[in-house]
Amino acid sequence: MTTICADVDEAVADVADGSVVLIGGFGMAGMPVQLIDALIRQGATDLTVVSNNAGNGDTGLAALLARGRVRKMICSFPRQADSHVFDGLYRAGRIELELVPQGTLAERMRAAGAGIGGFFSPTGVGTQLAAGKETREIDGRHYVLEAPLRGDVALIGAHRADRMGNLVYRKTARNFGPVMATAATTVVAQVVQVVETGELDPEAVVTPSIYVDRVVAA
Amino acid sequence: MTTICADVDEAVADVADGSVVLIGGFGMAGMPVQLIDALIRQGATDLTVVSNNAGNGDTGLAALLARGRVRKMICSFPRQADSHVFDGLYRAGRIELELVPQGTLAERMRAAGAGIGGFFSPTGVGTQLAAGKETREIDGRHYVLEAPLRGDVALIGAHRADRMGNLVYRKTARNFGPVMATAATTVVAQVVQVVETGELDPEAVVTPSIYVDRVVAA
Amino acid sequence: MTLSKAEMAALVARDIPAGSFVNLGIGQPTMVADHLDAGHGVVLHTENGMLNMGPAPAADEVDPDLTNAGKQPVTELAGAAYFDSAASFAMMRGGHLDVCVLGAFQVSAGGDLANWHTGAPDAIPAVGGAMDLATGAKSVFVMMTLFAKDGSPKLVPTCTYPLTGVGCVDRVYTEVAVFDLTPEGVVVRETFGTTTPEQLADALDLPLRLR
Amino acid sequence: MTLSKAEMAALVARDIPAGSFVNLGIGQPTMVADHLDAGHGVVLHTENGMLNMGPAPAADEVDPDLTNAGKQPVTELAGAAYFDSAASFAMMRGGHLDVCVLGAFQVSAGGDLANWHTGAPDAIPAVGGAMDLATGAKSVFVMMTLFAKDGSPKLVPTCTYPLTGVGCVDRVYTEVAVFDLTPEGVVVRETFGTTTPEQLADALDLPLRLR
Chain A
0 MTTICADVDE
10 AVADVADGSV
20 VLIGGFGMAG
30 MPVQLIDALI
40 RQGATDLTVV
50 SNNAGNGDTG
60 LAALLARGRV
70 RKMICSFPRQ
80 ADSHVFDGLY
90 RAGRIELELV
100 PQGTLAERMR
110 AAGAGIGGFF
120 SPTGVGTQLA
130 AGKETREIDG
140 RHYVLEAPLR
150 GDVALIGAHR
160 ADRMGNLVYR
170 KTARNFGPVM
180 ATAATTVVAQ
190 VVQVVETGEL
200 DPEAVVTPSI
210 YVDRVVAA
Chain B
0 MTTICADVDE
10 AVADVADGSV
20 VLIGGFGMAG
30 MPVQLIDALI
40 RQGATDLTVV
50 SNNAGNGDTG
60 LAALLARGRV
70 RKMICSFPRQ
80 ADSHVFDGLY
90 RAGRIELELV
100 PQGTLAERMR
110 AAGAGIGGFF
120 SPTGVGTQLA
130 AGKETREIDG
140 RHYVLEAPLR
150 GDVALIGAHR
160 ADRMGNLVYR
170 KTARNFGPVM
180 ATAATTVVAQ
190 VVQVVETGEL
200 DPEAVVTPSI
210 YVDRVVAA
Chain C
0 MTLSKAEMAA
10 LVARDIPAGS
20 FVNLGIGQPT
30 MVADHLDAGH
40 GVVLHTENGM
50 LNMGPAPAAD
60 EVDPDLTNAG
70 KQPVTELAGA
80 AYFDSAASFA
90 MMRGGHLDVC
100 VLGAFQVSAG
110 GDLANWHTGA
120 PDAIPAVGGA
130 MDLATGAKSV
140 FVMMTLFAKD
150 GSPKLVPTCT
160 YPLTGVGCVD
170 RVYTEVAVFD
180 LTPEGVVVRE
190 TFGTTTPEQL
200 ADALDLPLRL
210 R
Chain D
0 MTLSKAEMAA
10 LVARDIPAGS
20 FVNLGIGQPT
30 MVADHLDAGH
40 GVVLHTENGM
50 LNMGPAPAAD
60 EVDPDLTNAG
70 KQPVTELAGA
80 AYFDSAASFA
90 MMRGGHLDVC
100 VLGAFQVSAG
110 GDLANWHTGA
120 PDAIPAVGGA
130 MDLATGAKSV
140 FVMMTLFAKD
150 GSPKLVPTCT
160 YPLTGVGCVD
170 RVYTEVAVFD
180 LTPEGVVVRE
190 TFGTTTPEQL
200 ADALDLPLRL
210 R
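This is the structure in structure tokens:
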């Protein structure tokens, strides 16, 4: 059952120190900035954050990093023109980085959500990012074994929710939201608007309500 | 590039003897009956057919089976109240059967379409359907290694296509169509209606045009 | 006095927590839907790609594109969502369904389930989504008669039929009693009519615990 | 005389078959889009979840929810489709893209690509979708200068920078020549201006074949 929260602070009230937090967005598109601001107020620390990037500018994920709340980033593309917060922490040795190819990042979360114990991916074979991992030749092609990646909490940005918790997204802001929604114990979605149940087209629902624990309009 | 075919016979004209043919549908819902009828007329034989069921009544897949064109069925649920065609062939030893749990059937095709060389599934562990397969304990749970399942041709039923080949489906007739569209070398979709490019909502497209080789209204 | 199939279905429906996401297997488990209270907020999943499935339609409203796992016509409730088979089974295998209700040929004291194949040489095997459900759902409930037509128990020390899943069944509903399969053994949860736990202990080749 | 970046982009655009599904990497490869003929039917993919991406919008039509892989605003063409990151990378890794165009630090004669990490101790590594594209696209085209700022060749016998993918590059576009990387070795496909294959053979530490 999905809870419609009164505000973003209620939605993230129980995030525990040390949690693995999946945070949606590709750059700022789809990033749940208001939920992250609430998480900053809430105070959870020693977090492992999984997100495609490692923050842009000084808001959203970058603001969480700047507060020193994140012990480790798991992402594909930390270095950007406006990633100065992460860059500074990383160069100062104040944050761990696990770099994962973007498709492997998505697929590892998909595996966690889909009950898959591991999968053989061709991506990264023969590179530093496959170092130490099991490899196997299958039908003449080389693969590396990748593990599922689960979150305790997912914070995602969607466009609209109905009161049951079904979600639709908007354009390329969809990105990591749907797969993160399948991969975390508690899934919190920030949306622009909550509509009545029955107002979303059942053919166009992207994240069914079964994956969504809390929704907040923000 | 997607070709809009003039008729179903053109759409299946080049299916070769011995092909692996993925056929959509869950029972009759989503089954591309007109494409199958065209395949019967076309004459390809010694086929391996991958489909959830093994034919219902005397039309569609059941009609193809009745013509003796199928050497092997790969499916999850051949035995049904109206599967008398398959039942007769099987009992007479005239067709091979590879039985696969339904979720594994879908996921094996998803793996083929997604470039995954194999995956560890918890489904079927300790049962006859995992006999002889590699197993592994991962984080305290037991898994069986499953291989990708590719088709030479996929015949699927969708609801509408635009002229570029984007597809939308209707209700539970969606079932295996989208995953089969990713897993075959040549993908042929039978639709109720072909609309102009731009008439489908980009947020609601289920199978993007990249996966679709031929579309035919039937 | 033993329970009718409808009474068993009502019993299962009563035990499904409010707001659960539930898959009902084909056959007898489908009847559970008739006993779910709409205000209870239970959402039905069907393996062929839908959440929030509704009851059978009126005869003149049958839609061949809208069926359940048994290929029977169904309807769509407000808040429904459609998805493809790969997504539907990812949901099942990934542990997102709260409860599934399945029929069975046999269930073992350790929770092994046999419900897809009699193993008879001339039988045509069919598994469908049974193994995925048995493996993936958080709670697996079985509905079955306690005894086969030949009088042999179906709740057994070890299954003799081919398995659907290992150690997956949590609870068994029968016409005479409900059993919880726990790490400590088989617990008699409740009995019906004149049936006593002592009679069950005599009839079954199993150690039984009282609740 | 050497080719400008725009001329290189036009050259790549010319070589992309009509109707191809194409991913253009961030940086210089993005310029290829400006040279694709609309009538050619090339469909652009962006890794963040879209097919049929259009050009940059007018300043007053920027939509923060509609960006490319470089986080720059883009537009939507008729026939577009959106999908999530898992689906987008399944498409890439699964071999469904016909062509991708990437930048590079180095490419080896055997088609190894290095474009994600200089390996410098203080560098912050970032890979994004480069490994998925290099591994998944049917044809991998590289656009780069043939020589680094220090004058060293970037088309080399063996990459010294960390690899993005092994044996994945099919063709290299540079300001002085285009090379095909074939199982038989590096083939000079065409040269520009006054550059001759002999000059290239002198400048590169590689055996070269003429087309």
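Residue numbers (numbering that gives the first Met the number 0), protein chains in the order written: chain A, 0 to 217; chain B, 0 to 217; chain C, 0 to 210; chain D, 0 to 210.
Here a beta-carbon is modelled for each residue, glycine too, at the ideal position from N, C-alpha and C.
Checklist entry - Between the stretch 20-36 of chain D and the stretch 58-65 of chain D, do at least 3 Cβ pairs fall closer than 8 Å? => result With a cut-off of 8 Å, the stretch 58-65 of chain D and the stretch 20-36 of chain D do not count as touching, because too few Cβ pairs lie within range.
Next on the checklist: In the DSSP output, which residue or residues are listed as bridge partners for D/THR66?
Outcome noted: Paired residue(s): D/PRO72.
Checklist entry - Does any C-beta atom of chain B lie closer than 8 Å to the C-beta of A/GLU202? => result A/GLU202 counts as touching chain B.
Item to check | A/THR134: contacting residues in chain C (beta-carbon distance under 9 Å) | outcome: Per Cβ cutoff of 9 Å: no residues; A/THR134 is ~25 Å from chain C at best.
Checklist entry - When you compare only the Cα positions, how much space is there between C/VAL98 and C/ALA136? => result In this structure, the straight-line span from the alpha carbon of C/VAL98 to that of C/ALA136 is close to 6 Å.
Next on the checklist: For A/VAL191, count the other beta carbons within 10 Å of its own beta carbon; 16 or more makes it buried, fewer makes it exposed. Which is it?
Outcome noted: By the 10 Å Cβ count, A/VAL191 comes out exposed.
Item to check | Where the alpha helix (DSSP H) containing D/SER87 begins and where it ends | outcome: D/SER87 -> alpha helix (DSSP H) spans 84-92.
Checklist entry - With 16 other CB atoms within 10 Å as the buried threshold, where does C/LEU76 fall? => result Per the 10 Å Cβ criterion, buried.
Item to check | Positions along the stretch 50-82 of chain C whose CB lies within less than 8 Å of some CB in chain A | outcome: If the cut-off is 8 Å between Cβ atoms, the stretch 50-82 of chain C has LEU50, ASN51, GLU75, ALA77, GLY78, ALA79, ALA80, TYR81 and PHE82 near chain A.
Next on the checklist: In the DSSP output, which residue or residues are listed as bridge partners for B/MET229?
Outcome noted: The structure shown does not extend to residue 229 of chain B, since chain B is modelled only from 0 through 217, so no value can be given for it.
Checklist entry - If you drop the 5 nearest sequence neighbours on each side, which residues of the same chain put their C-beta closer than 7 Å to that of A/VAL124? => result THR134, HIS141, TYR142 and VAL143, listed in sequence order.
Checklist entry - Roughly how far, in whole angstroms, is the beta-carbon of A/ALA111 from the beta-carbon of A/LEU148, given that I think they are within contact range, below 8 Å? => result A Cβ-Cβ distance of about 6 Å is found for the pair A/ALA111 and A/LEU148, placing them in contact under the 8 Å criterion.
Checklist entry - To which residues of the same chain is A/ARG40 closer than 7 Å at the C-beta, ignoring the five residues directly before and after it? => result Contacts found: ASP8.
Checklist entry - Quick one, which of B/VAL152, B/VAL167 and B/VAL193 has its alpha-carbon nearest A/ALA203's? => result Ranking the options by Cα distance to A/ALA203, first place goes to B/VAL167.
Checklist entry - Measuring CB to CB, does C/VAL139 end up less than 8 Å from C/VAL175? => result Against a cut-off of 8 Å, the Cβ pair of C/VAL175 and C/VAL139 comes out as no contact.
Checklist entry - Between the stretch 101-108 of chain A and the stretch 83-94 of chain D, are three or more C-beta pairs nearer than 8 Å? => result Under the three-pair Cβ rule at 8 Å, the stretch 101-108 of chain A counts as touching the stretch 83-94 of chain D.
Checklist entry - Are the beta-carbon atoms of B/MET108 and B/VAL178 separated by less than 8 Å? => result It is a contact, given that the beta carbons lie within the stated cut-off.
Checklist entry - Does DSSP put A/GLU145 in a helix, in a strand, or in coil? => result Shown here, A/GLU145 sits in a strand according to DSSP, grouped into three states.
Item to check | Distance between C/GLY18 and A/CYS4 (C-alpha atoms, nearest Å) | outcome: C-alpha separation (whole angstroms): 17 Å.
Next on the checklist: Tell me whether the stretch 66-80 of chain D and the stretch 102-115 of chain D touch, counting them as touching only if at least three CB pairs, one residue from each stretch, are closer than 8 Å.
Outcome noted: These segments do not touch.
Checklist entry - Taking a cut of 7 Å between CB atoms, which residues from the stretch 96-129 of chain A lie near chain C? => result From the stretch 96-129 of chain A, only GLY112, ALA113 and GLY114 have a Cβ closer than 7 Å to chain C.
Checklist entry - Anyone know if the C-beta pair for B/ALA153 and B/VAL187 falls short of 8 Å? => result Yes, they are a contact pair.
Next on the checklist: For B/PHE118 and B/LEU38, what's the separation of their Cα atoms in angstroms?
Outcome noted: B/PHE118 and B/LEU38: Cα-Cα distance of roughly 33 Å.
Checklist entry - Whole beta strand (DSSP E) runs in the stretch 137-212 of chain A with 3 or more residues, listed along the chain? => result Fully contained in the stretch 137-212 of chain A are the following beta strand (DSSP E) runs of length 3 or more, in chain order: 140-145, 150-156, 159-161, 183-190 and 192-194.
Next on the checklist: Taking the beta carbon of D/HIS39 as the centre, do at least 16 other beta carbons fall within 10 Å, making it buried, or is it exposed?
Outcome noted: Residue burial annotation: D/HIS39 is exposed, with fewer than 16 other C-beta atoms found within 10 angstroms of its C-beta.
Checklist entry - What are the boundary residues of the beta strand (DSSP E) that B/GLY117 is part of? => result DSSP places B/GLY117 inside the beta strand (DSSP E), whose first and last residues are 117-120.
Item to check | Contacts of C/GLY135 in chain A (Cβ-Cβ under 7 Å) | outcome: Within 7 Å Cβ-Cβ: GLY114.
Item to check | Nearest-angstrom Cβ-Cβ length linking B/TYR89 and C/ILE123, presumed shorter than 8 Å | outcome: About 6 Å; that satisfies the 8 Å criterion.
Checklist entry - Between A/TYR142 and chain D, is there a C-beta pair that is closer than 8 Å? => result Chain D places no beta carbon closer than 8 Å to that of A/TYR142, leaving this residue out of the contacts.
Checklist entry - B/GLU9 lies in the alpha helix (DSSP H); which residues open and close that run? => result Element bounds for B/GLU9: 7-10.
Checklist entry - Between the beta-carbon of A/ASN51 and the beta-carbon of A/GLN79, is there less than 8 Å? => result Contact flag unset, no.
Next on the checklist: When you compare the CB of D/HIS95 with every CB in chain B, is at least one pair closer than 8 Å?
Outcome noted: Interface with chain B (8 Å Cβ-Cβ cutoff): D/HIS95 is included.
Next on the checklist: I want to see whether chain D comes within less than 8 Å of A/ASP57, judged by CB atoms only; does it?
Outcome noted: Not a single C-beta of chain D is nearer than 8 Å to the C-beta of A/ASP57.
Checklist entry - Hey, does A/GLY19 have any beta-carbon neighbour from chain B nearer than 8 Å? => result First, the amino acid is wrong: residue 19 of chain A is Val here, not Gly. No - not a single Cβ of chain B is within 8 Å of the one on A/VAL19.
Next on the checklist: Which residues does DSSP list as the beta-bridge partners of D/THR181?
Outcome noted: In the DSSP assignment, D/THR181 forms a beta bridge with D/GLY184.
Checklist entry - Quick one, which residues of the stretch 178-199 of chain D are near chain E if we go by CB-CB under 8 Å, in chain order? => result This model lacks chain E altogether, as its protein chains are A, B, C and D.
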